[in-house]
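Protein chains: 2
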Amino acid sequence: MSGEDNNDIDFGVLDELIGYRLRKTQLVFFNRFGDACADVGISPGLFGVLVIVKRNPGLTQTAVAMALGNDRSAMVAAVDKLEQMNLVERRPSKSDRRSYALYLTEEGQTRYQSIEERVLEYERELQSVLKPGEQELLLDMLMRLTESGIQS
Amino acid sequence: MSGEDNNDIDFGVLDELIGYRLRKTQLVFFNRFGDACADVGISPGLFGVLVIVKRNPGLTQTAVAMALGNDRSAMVAAVDKLEQMNLVERRPSKSDRRSYALYLTEEGQTRYQSIEERVLEYERELQSVLKPGEQELLLDMLMRLTESGIQS
DNA sequence: TATTGTTATACTCTATAACTATA
DNA sequence: TATAGTTATAGAGTATAACAATA
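Respectively, the protein sequence lines represent chains A and B.
For what it's worth, our numbering labels the leading residue of the first sequence as 1, then goes sequentially.
For what it's worth, our numbering labels the leading residue of the second sequence as 1001, then goes sequentially.
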């Protein structure tokens, strides 16, 4: 997908921009995620919802959206899809009739394992270019860069 | 823009996934880029074209697209916009009447400087959470992760 | 035949605003 | 009044397929 004979191209300041490199690298991870999970219909965004619901059963849609940092309107289609795949179910909240509590279905619990395995497998594959300790350092740097830019 | 009181949320495997962290961090950089350059109408993608054309004057649209790793069909709207802003111009290629050679206009040359300054300024701001030497290390790791995943 | 720029198209991701039913 | 889920909508970003002009 990337360039071919870019050896003779001068990338100027792009070579020093973390923002530019992040975009390219994120695209590689995104594409690999697709290769790994396309047949099960799980995108990176849907996987995020899946993880949050699995680890925090009973959350409302809005709470999941806040956890993932996106708008609650985006949750509707996401949960719709996961419900159609019979991975997640909406249960009416007992305390608040406006909201749902989200849970993995029984099928969701078992299928989650194989999905997570796939994700971890392609991550390990890509991370194989990192030396010991570099993964933790990379995650730490990315976390710091994210926290500093909460603003807005 | 991100979550608020996510202290009590269990992110499970997401905390170890470089792909997930990349996406979040890239979004922060993307948003900051917008804050820094919205008034001049330059997006991260347009800035990439600008840099390549400045450092490699005379390239065709397809060559710029390959350098940046995206499809040549996307270049049409990009160059259209940059041409309307009077930053870039299409000159007919002497050797090949199918293609254009891309150059910064005179106005593009001068305005490029202030745009690059803005970009470098917000990058420095975000990078202030990195310790000495970490920027180079981060860029190196990102580069390695990208090169390993060229495939597809 | 292959390639350049182009158009049409479509799909994903994301955000905003407004609606409804509840609180 | 404020909030949860929803809908409609719109804007990027990106990719594919096909076409005309040219190689």
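In this text, a Cβ means the ideal position worked out from N, Cα and C, and glycines have one as well.
If you're wondering where the values come from, they're calculated on a predicted model, not measured in any experiment.
With contacts defined by Cβ atoms closer than 8 angstroms, L1126 of chain B and R1032 of chain B form a contacting pair. For L1104 of chain B, the beta-bridge partners assigned by DSSP are B:V1088. Secondary structure in the segment 1024 to 1063 of chain B: no beta strand (DSSP E) run of 3 residues or longer lies completely within the stretch. By the Cβ test, the segment 92 to 106 of chain A is not in contact with the segment 120 to 139 of chain A, since fewer than three Cβ pairs between them sit closer than 8 angstroms. The segment 1134 to 1151 of chain B makes contact with the segment 8 to 19 of chain A; the number of CB pairs closer than 8 angstroms reaches 3 or more. Think of a sphere of 9 angstroms around the beta carbon of A67 of chain A: the chain B residues whose beta carbon falls inside it are G1003, N1006, I1009, F1011, in chain order. The way I'd put it, the segment 1057 to 1070 of chain B doesn't touch the segment 44 to 59 of chain A; fewer than three beta-carbon pairs between them come closer than 8 angstroms. Shown here for A101 of chain A: same chain residues with a beta carbon closer than 6 angstroms to its own, the five before and five after excluded, namely G58, R91, S93 in chain order.
By a beta-carbon distance limit of 8 angstroms, T1025 of chain B does not contact L27 of chain A. Their separation comes to about 14 angstroms. Listed along the chain, the chain B residues whose CB falls inside 8 angstroms of the CB of T146 of chain A are S1002, R1021, K1024, T1025, V1028. Residue contact check for K1054 of chain B against chain A: a CB pair falls below 8 angstroms. Measuring C-alpha to C-alpha distances from V1129 of chain B to each of A:I42, A:E83, A:D140 identifies A:D140 as the nearest.
For the segment 33 to 54 of chain A, the beta-carbon criterion of a distance under 8 angstroms to any beta-carbon of chain B is satisfied by F33, D35, P44, G48, V51, I52, K54.
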